[in-house]
Each structure stands twice: as structure tokens, then as C-alpha cells.
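Input: a single structure, listed below in C-alpha cells.
Chains as they are written, first to last, in my numbering: chain A, 31 to 479; chain B, 31 to 479.
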């Protein structure tokens with residue numbers, strides 16, 4: 031099917047392309063878009079049935095969306111934007127250039143414009159940006175059958191009716207009720223008879239990461255969003271959270287390898303095939319430069335010990351293995367801490383306990399690595415004294431490197447920064463600086479220069 | 031509340047502890063368990079209301095579960111295991127020691143034992159291990175009202191009724207219907223009148239990662255699981271998938287920092303506060319040793335160029351910055367490729383295209399880094415020739431390191447291994463070996479030794 035569709039598009043056989051694609055699911059069409067010429071994308075989109083167009087459009091990446099919006103006439107853009115859900119609109123709008131955003135806002139009805147502007151008013155990465163006001167609310171003093179009737183009437187426009195929300199007259203959230211509970215209950219009973227008045231909700235200003243934690247923790251498929259007085263503002267559904275999880279994962283991953291990852295960059299960092307090269311360059315260059323400068327310190331340390339090195343050239347052959355092993359052990363330690371902090375199995379107050387544990391683990395690792403290098407030390411240097419220097423340095427280096435790896439993520443958390451910013455390249459560079467100083471220091475002492 | 035509960039437990043005031051905890055949600059109690067003495071955990075669990083016990087038990091980590099199972103009498107263990115859902119049972123059983131597993135299986139009714147053994151029969155990390163047979167199935171020739179009645183009758187035992195499944199007489203899956211569609215339809219119509227015969231399903235033998243991709247792609251909250259003939263076997267719900275996503279994320283993360291992460295190790299690698307030190311040691315030692323041996327190669331290369339170094343000791347001061355920068359650039363490139371492969375924005379066939387793009391990006395990065403180091407080169411060496419060697423090596427090193435970073439994940443995929451196993455420490459170690467050879471090679475050539 032995929033090949034047939036691509037062939038039809040290549041041959042400009044629009045009728046056939048339309049026939050094939052009309053029965054596809056939106057995500058599959060969006061994926062196909064990646065393989066076709068950007069100029070053809072607006073054409074193909076227009077071929078699709080009206081209701082499919084908005085779905086496909088939403089699944090596209092930001093660059094393609096912007097390109098399509100720019101290349102289509104207003105009335106056509108309007109028909110797509112009209113079909114989108116409020117939360118989908120927010121997610122597209124927040125990525126647009128201010129000029130294009132203004133054009134799109136003008137296409138909306140005044141009520142929808144108000145809604146869009148309100149959702150865009152919440153801070154970036156806040157729950158407010160993810161929520162949709164399309165939910166079903168019922169009252170506690172209604173009968174179950176009245177509630178079900180209300181759901182039948184209003185459910186069509188709702189993002190989910192798997193869960194409905196009970197509010198009081200001031201629209202304060204009282205409870206969430208799975209539709210299943212309503213269905214299985216006696217229709218004549220009052221709604222309040224099946225309520226447990228226990229509901230997990232989140233404030234619209236809170237971070238999206240908090241919403242993920244709540245959803246995961248309490249196994250929720252939708253999370254009600256309230257203001258600080260408890261009024262129900264909207265809901266966030268799990269499918270939107272899944273996308274956020276993916277993004278957070280990417281963010282952690284790239285940050286941890288010393289790539290700058292502000293939220294607006296995440297999207298093209300995941301789509302390296304099409305992302306503009308200048309953007310990739312910029313996000314890689316910052317840390318490469320910082321680390322380059324830090325490496326000059328290591329160079330400076332070596333320079334300070336040039337006399338030692340000149341007398342024992344063989345010392346140089348052990349330098350890479352010593353600093354690398356320290357860096358590797360440190361990266362391992364940092365990874366485990368960063369992950370544990372993210373999963374909340376470890377908290378800031380645990381730093382000292384973990385440091386103590388790591389001291390034990392790293393000592394054992396250090397001794398084993400010291401044993402490993404001792405063989406090479408004897409063979410390569412032929413000197414017991416040099417071998418002693420190398421083994422001793424290895425043990426200390428692995429311990430120090432590992433402790434740096436444990437501490438750095440905690441320090442970043444303490445500084446209110448993402449612990450994943452304690453990146454592996456940063457840790458290995460620190461291990462280089464410290465490890466070189468320890469090694470050449472011990473060498474100068476032991477070899478008595 | 032948390033402090034009160036901890037205080038009551040510390041004072042052995044079980045009545046008070048029971049009063050406080052009985053109104054808590056299971057995940058919150060499970061979290062509290064981390065902070066109390068392991069010996070007290072079985073006692074606290076027994077205090078809780080019957081239905082809460084199984085929920086709390088399921089939320090605990092594997093070590094604690096095993097400890098509790100060992101320390102409680104059979105009839106008590108049976109009451110917990112009876113309360114668990116089939117998919118929850120599978121997830122607990124698959125982690126138990128064979129002996130404890132046999133004990134637990136014997137406690138089940140013969141029918142439940144059969145079900146448990148069948149679910150355990152699916153390969154590790156397969157969808158079969160995650161699924162539950164508790165779903166609601168309806169027939170296409172029923173009326174909507176009959177279907178709704180059936181749901182009311184069978185829905186109590188089902189894991190979800192947000193979606194029900196239409197099967198034919200041979201139990202072949204025909205469609206999935208959101209309950210909302212049934213509710214909004216005319217009760218006298220036939221089920222088939224609202225069916226679209228389009229359903230995304232997954233085979234029980236497939237990898238759990240595939241289920242995640244499908245759920246994310248098609249925004250599903252439950253995924254039907256079939257055998258190879260299309261018979262409906264069970265469903266996988268999104269809350270279980272969320273846990274798997276977390277685990278996959280952890281797996282990627284630790285693998286990428288050269289920590290061995292077989293599935294059975296993932297759990298304690300995320301809980302480093304309580305994990306046995308021997309297990310952490312073992313998962314870190316393998317790669318540290320491999321990388322240590324690889325570093326000996328770098329040492330060997332340096333040894334081969336000892337004459338060059340002896341004449342130009344200043345060369346050593348530039349060694350760390352040259353190999354580090356190559357490693358850092360390589361890690362960045364590898365991270366972007368690994369992430370793109372995971373998100374499927376890049377496929378195996380794109381390797382050559384991406385290599386070409388990286389050649390361009392890395393050349394620019396290399397020139398900028400070369401410029402950066404040229405200043406230091408002149409100041410430190412005072413020799414234009416040495417400076418030329420350093421700058422030239424930097425450019426080539428950054429390019430080669432980056433290309434290795436792009437290629438390695440593809441090579442791992444080609445070898446049917448996880449691309450994340452192309453770990454950062456592995457890439458930096460390779461960059462060390464190659465970078466050292468390039469640098470000292472160029473030095474020997476240019477300085478005419």
C-alpha cells in the first residue's frame with residue numbers, strides 16, 4: 031500500500047492517491063508525508079476528506095505544519111484550524127512564529143480566539159497548555175439516569191467520557207466518576223450515592239512533568255485541572271501525556287550528552303533528517319566550547335608536570351586509561367543517580383547516604399581496576415615504582431570520579447536545575463582534570479622528583 | 031499525615047497506624063513503605079483493609095514483595111494473590127525465585143493456575159506477559175441495548191469497559207468500540223451499524239515496545255491482543271504500558287552509560303538506595319573492564335610514538351583536549367541518532383544520508399574547535415609547526431569522532447542489538463584510540479621525525 035501511494039503521488043495521479051489515502055489512519059499518512067517532497071505535502075493534504083485533514087495536520091512536525099500554513103489560502107487554513115480540538119490548537123499555536131500566530135487567531139471565531147489566548151496564557155510546559163475544556167461535568171444531586179442522559183447529550187464534543195466529573199454549583203471539583211460506575215449503578219439512585227469524594231487533580235500552573243507523575247502513580251487516563259480555588263478548568267488526557275513523556279525522555283537524553291535542549295529545540299533534535307543544520311550546530315556548539323576550555327585546564331596541569339613527564343616518558347602511556355576509567359565509573363554513578371532522582375526512588379536528602387554507598391562500591395571497582403592495570407604497569411614500565419604509581423592512581427581516580435558522578439546531579443538539583451544537565455561529557459572532563467592532577471602529583475611524589 | 035503515620039509505626043501504635051493508612055491510596059502507602067523498617071512492612075500490610083492489601087502489594091518493588099511473601103503464612107499469601115488481577119500476577123510471578131513461584135502457584139485454584147502458567151508461557155518482554163483476559167466482548171448482530179446490558183453484567187470483573195471488543199462466533203476480533211459510541215447510539219440499532227471494522231491489534235508474542243509504539247501512534251488507552259489467527263486473547267491497558275515505558279527509558283539510559291542492563295536488573299538499578307551492592311557492582315564491572323582493555327590500545331599507540339613525545343613534550347599537553355573534543359562530538363552525534371532511531375524518524379536505510387549530513391556538521395564544528403585550540407596552541411608551544419599539528423588534528427579528530435558516533439548505533443542495529451548499547455563511554459574510548467593515532471601520526475609527519 032505504501033509503495034502504491036508513493037507511486038501515485040510521484041506520477042501526479044491525485045485521484046488514485048486520494049482513493050488510497052482516504053482509508054488510512056492519520057498517523058500513517060503523517061508518516062508517509064516524511065517521504066514525499068515538501069512541496070507536494072499541501073496538495074496531498076487537500077485531497078483528504080475534511081475530517082481527516084485536521085487529524086493528519088496535527089500529527090505533522092512543526093516545520094511541516096508551518097510550511098503548509100504559509101502555503102495555503104486563509105479560508106482553507108480556517109477549515110483545518112476549526113476542526114482541531116482546543117488542546118491541539120494550543121500545541122500548534124505555541125510553536126508558530128508571532129506573525130503566523132496572529133493570522134491564525136484572526137481566523138477563529140471571537141469565542142474560540144478567547145479560549146485559545148487563555149490557554150496560551152499558561153506558562154510554557156505547564157499543565158494549562160495541555161488541557162482541553164472539552165469534558166463532561168455532572169452534579170451530585172442528579173439521578174444517575176439524568177447524568178447518563180446529560181452525558182449522551184454533551185458527550186459528542188467531549189475529549190473523553192470514560193470519566194466524568196462531579197462539580198458543585200460554583201463549579202468546584204468534587205469527584206471523578208468512571209463511566210463504568212455510572213453504567214453499573216441503579217439509574218434511580220443519586221449521583222452522590224456512588225461518589226467517594228476522592229479525586230486526584232492538578233493545578234493549571236504546575237509543570238507537565240507533575241501531571242505525568244500523578245497519572246503514572248494513580249493509573250489515571252485523564253487528569254482534571256483546577257485553579258487555585260479548586261474550580262474545574264479542563265482535563266488532560268493520557269494520550270497527550272504520552273507525547274510529553276516522549277519529549278521529556280528526549281530532553282533528558284540529549285541534555286545528558288551535552289546538547290543544549292530548550293523546549294523549542296526538542297522537536298527538531300528528534301528529527302535530524304530534516305532539521306536545519308544551523309540549529310543542530312548551535313545546540314551542539316555551546317557545550318563543546320565550554321568543555322574545550324575546561325580541557326585547557328587539564329593541559330595546564332600536564333604542562334606544570336612537564337619535568338616529571340620528561341624523565342619518565344612511560345607515564346604518558348598510562349594517562350588515557352587512568353582518566354578514562356575514572357570518567358567511565360563517574361558516568362555510571364551519575365546515570366544511576368539521575369534516573370533514581372527522576373523516578374523519585376531517591377531524594378535530595380539521600381545524597382550523603384548514597385555518597386557513602388558509592389564510596390564502598392567505587393573502592394571495590396577501584397581495586398579491581400587497579401589489579402587490571404598492574405599487569406600492564408609491570409610489562410610496559412618494567413619498574414615497580416612506576417607500577418605502584420599507576421595502581422595507586424587508578425584506585426584513587428576511580429573513587430574520586432565516582433564520587434563526582436554521584437554528587438554532581440545532586441548539586442544541579444540543589445541549584446534548581448535539571449540533574450540530567452550533569453552530563454556525561456561534563457563528568458568525564460572533570461574526571462580528566464582531577465585525574466590528571468592526582469596521577470602526576472602521585473608520580474612526582476613517589477618517583478621523588 | 032506522613033509524619034503522623036511514621037510516628038505511629040515507630041511507636042508500635044498499630045491501631046493508629048491502621049486508622050491513618052486505611053484512607054490512603056495504595057501508591058502512597060507503597061511509597062511510605064520505603065521509609066519504614068523492612069521487618070515492619072509485613073505487619074503494616076496485614077493491618078490494611080483486605081482490598082487495599084493487594085493493591086499496595088502490587089505497587090511494592092520486587093525485593094520487598096519477595097520478602098513479604100517469604101515472611102507470611104500460606105493462607106495469608108493466598109488472600110493477597112487471590113485479589114490480584116491476572117496481569118498483575120504475571121508481573122509479580124515472573125520476578126520470583128522458582129521455589130517461591132511454585133509455592134504461590136499451588137495456592138491458586140486450578141483454573142487460575144492454568145491461566146497464570148499460560149501467561150507466563152509467553153516470552154519475556156512480550157505483550158502476552160502484560161495482557162489481562164479480563165475484558166468485555168460483544169457480538170456484531172446484537173442490538174446496542176443488549177450489548178449495554180451485557181456490559182453491565184460483565185463489566186465489574188473487567189479491567190476496562192471504556193472500550194469493548196466485537197468478536198465473531200469463533201472469537202476472532204472484528205472491531206473495538208469505545209463505550210461512548212455505544213452510549214450515544216440508538217439502543218435499537220444493531221452493533222454492526224456503528225462498527226467501522228478498523229481495529230489496531232497486536233500479537234501476543236510481539237515485543238512490549240511494539241505495543242507502546244502502537245498505543246502512542248494511534249492514541250489508544252487499551253490494545254487488543256490476538257494470536258496469529260486473529261483470535262482475541264486479552265487486552266493490554268495503557269497504565270501497564272506506562273510502567274513499561276519507564277522501564278524502557280531506564281534501560282536506554284543505563285545502557286548508554288555502559289551499565290549492563292538485562293531486564294531482571296532494571297528494577298534494582300532504579301532503586302539504588304536498597305539494591306544489593308553486589309548486583310550494582312556486577313552490572314558496572316563488565317563494561318569498565320572491557321573499556322580498560324581497550325584503553326591499553328591507546329597506551330600502546332602512545333608507546334609507539336614515544337620518540338616523538340620525548341622530543342616535543344609539549345605535545346602531551348594537547349592530547350586530552352584533542353581526544354576529549356572528538357569524544358564529545360561523537361557522543362552528541364550518537365545520542366541524536368539513537369533517539370531518532372527509537373522514535374523512528376530515522377531508519378536503518380538512512381545511514382548514508384545521515385553520515386553525509388554529519389560530515390558537513392562535523393566539519394564546521396571541527397573548524398570552530400580548531401580555531402579555539404589554535405590560540406592555546408600558539409601560546410603554549412610557541413611554535414607555528416606544533417600549532418599547525420594541533421589545529422589539523424583537532425579538525426580531523428572532531429570529524430572522525432562524529433562519524434564514529436553516527437555509524438556505531440547503525441552498526442548495532444544491523445547486528446540486531448539495541449542501538450543504545452553504542453554507549454557514550456564506548457564512543458569516547460574509540461575516539462581516544464583513533465584520535466591519539468591521528469594526532470601523534472600527524473605530529474611525526476609534520477615535525478619530520
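Cβ atoms here follow ideal geometry from the backbone N, Cα and C, with glycine treated the same way.
Examine chain A for any beta-carbon lying closer than 8 angstroms to the beta-carbon of residue 333 of chain B, and answer yes or no. By the rule that beta-carbons nearer than 8 angstroms mark a contact, residue 333 of chain B touches chain A.
Does residue 336 of chain A get closer than 8 angstroms to chain B when you measure Cβ to Cβ? yes
By the three-class DSSP mapping on this structure, what secondary structure does residue 49 of chain A have? helix
Distance CB(residue 459 of chain B)-CB(residue 325 of chain B) smaller than 8 angstroms: yes
Taking buried to mean at least 16 other C-beta atoms within 10 Å of its own C-beta, is residue 219 of chain B buried or exposed? exposed
Flag this pair as touching only if the region 249-257 of chain A and the region 410-422 of chain A have three or more C-beta atom pairs under 8 angstroms; answer yes or no. no
DSSP puts residue 264 of chain A in a beta bridge; with which residues? A:255
Residue closest to residue 83 of chain A, alpha-carbon to alpha-carbon, out of A:48, A:68, A:158: A:48
How long is the line joining the alpha carbons of residue 155 of chain B and residue 237 of chain B, rounded to whole angstroms? 6 angstroms
Helix, strand or coil at residue 206 of chain B according to DSSP, with G and I counted as helix: strand
Counting Cβ pairs closer than 8 angstroms, one from the region 238-248 of chain B and one from the region 210-217 of chain B, do we hit at least three? no
Indicate the three-state DSSP secondary structure (helix, strand or coil) for residue 289 of chain B in the structure shown. Note: residue 289 of chain B maps to coil in three-state DSSP.
Show which residues of chain B have a CB atom less than 8 angstroms away from the CB atom of residue 361 of chain A. 287, 288, 454, 455
Burial state of residue 316 of chain A, where buried means 16 or more other Cβ atoms lie within 10 Å: With fewer than 16 other Cβ atoms within 10 Å, it is exposed.
Segment contact, 8 angstroms Cβ cut-off, at least three pairs: the region 437-454 of chain B with the region 374-389 of chain B: yes
Report the CB separation of residue 108 of chain A from residue 137 of chain A in whole angstroms; it is logged as a contact under 8 angstroms. 4 angstroms
Chain-ordered neighbours of residue 57 of chain B on chain A, where CB pairs are closer than 8 angstroms: Chain A residues near residue 57 of chain B: 247, 248.
Secondary structure of residue 136 of chain B, DSSP reduced to three states: If DSSP states are grouped into helix, strand and coil, residue 136 of chain B belongs with the helices.
Which residues in the same chain have their Cβ closer than 8 angstroms to the Cβ of residue 339 of chain B, if we skip the five residues on either side of it in sequence? 332, 345, 346, 470
Burial state of residue 308 of chain A (16 or more Cβ within 10 Å): exposed
Can you have a look at residue 171 of chain B and say buried or exposed, based on whether 16 or more other CB atoms are within 10 angstroms of its CB? Taking a 10 Å sphere around the C-beta of residue 171 of chain B, we find fewer than 16 other C-beta atoms and assign the residue as exposed.
Backbone secondary structure at residue 481 of chain B - three-state DSSP: In the structure as shown, chain B begins at 31 and stops at 479. Residue 481 of chain B is therefore absent and cannot be evaluated.
Indicate whether residue 328 of chain A and residue 462 of chain A have their beta-carbon atoms separated by less than 8 angstroms. A contact, by the Cβ cut-off of 8 angstroms.
Candidates B:251, B:401, B:263, of which the one nearest residue 157 of chain B by Cα: B:263
Which runs of the beta strand (DSSP E) spanning at least 3 residues fall entirely within the region 337-423 of chain A, listed in chain order? For the beta strand (DSSP E) assignment, the region 337-423 of chain A encloses no uninterrupted run of at least 3 residues.
Return the residues of the region 386-407 of chain B that lie within a Cβ-Cβ distance of less than 8 angstroms from chain A, sorted by chain order. 387, 390, 391, 394, 395, 398, 399, 402, 403, 406
Buried or exposed by the 16-neighbour rule on C-beta atoms within 10 Å, applied to residue 412 of chain B: Residue 412 of chain B should be labelled exposed.
Could you tell me which of A:102, A:197, A:398 sits nearest to residue 133 of chain A, measuring between CA atoms? A:102
Contact set for residue 187 of chain B: own chain, Cβ-Cβ below 7 angstroms, skip 5 residues either direction: 164
Does the distance from the C-beta atom of residue 448 of chain B to that of residue 301 of chain B stay below 8 angstroms? no
Is it a yes or a no for the region 31-39 of chain A touching the region 54-66 of chain A, going by three-plus beta-carbon pairs under 8 angstroms? yes
Give me the Cα-Cα distance between residue 50 of chain A and residue 354 of chain B, rounded to the nearest whole angstrom. 52 angstroms
Comparing alpha-carbon positions, which option in A:85, A:148, A:150, A:473 lies nearest residue 334 of chain A? A:473
Of the residues that make up the region 296-310 of chain B, which ones have a beta carbon closer than 7 angstroms to any beta carbon in chain A? 299, 300, 301, 302, 303, 307, 310
Considering just the uninterrupted stretch of the alpha helix (DSSP H) at residue 193 of chain A, what are its terminal residues? Not the alpha helix (DSSP H): residue 193 of chain A falls in the beta strand (DSSP E), residues 193-197.
Looking at the secondary structure, which residues open and close the alpha helix (DSSP H) in which residue 239 of chain B lies? For residue 239 of chain B, the uninterrupted alpha helix (DSSP H) run begins and ends at 238-248, by DSSP.
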